[in-house]
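Chemist: Sharing a structure, written as structure tokens. Questions coming.
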Amino acid sequence: MSECNLDEEQVNRCECIGKTFTQLKTFENFEAAQATTRCGIECGGCVPYIKLMFACGETAFDIDDPRLAEYE
Ligand code: FES
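Structural data, given as structure tokens:
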């Protein structure tokens, strides 16, 4: 994940495709978002965050949010 340059305080986007979680949240689920935008395919670093977003509805996360363990 280090190559993603996730150096902001919170993770709120797929860096590889340049789309925020707020934008991705408009899709029905992770699979639909990925099929359309190809989010999470390039480096995969955002995948647990996007899955957590669809589960809880939040759109920004601490980089080490403990809930991520369920989605890795
Ligand atoms: S941040 Fe690399 S695939 Fe989303």
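Residue 70 in this note's numbering sits at position 66 of the sequence shown, and the numbers go up by one each step. Backbone N, C-alpha and C define an ideal beta-carbon position, used for all residues, glycine too.
Does the beta-carbon of Cys-60, which I'm using as the reference point, lie nearer than 7 Å to any heavy atom of the ligand FES?
Modeler: no
Chemist: Nearer than 7 Å: is that true of the beta carbon of Ile-67 relative to any heavy atom of the ligand GDP?
Modeler: As for the ligand GDP, it is missing from this structure, which binds only the ligand FES.
Chemist: So what does DSSP say about Lys-23, is it helix, strand or coil?
Modeler: Lys-23 falls in the strand class under three-state DSSP.
Chemist: To the nearest angstrom, report how far apart Asn-33 and Cys-20 are at their CA atoms.
Modeler: Just so you know, the alpha carbons of Asn-33 and Cys-20 end up roughly 19 Å apart.
Chemist: Assuming Cys-43 and Leu-28 form a contact by the criterion Cβ under 8 Å, report the distance between their Cβ atoms to the nearest whole angstrom.
Modeler: In this structure Cys-43 is in contact with Leu-28, their Cβ atoms being roughly 6 Å apart against a cut-off of 8 Å.
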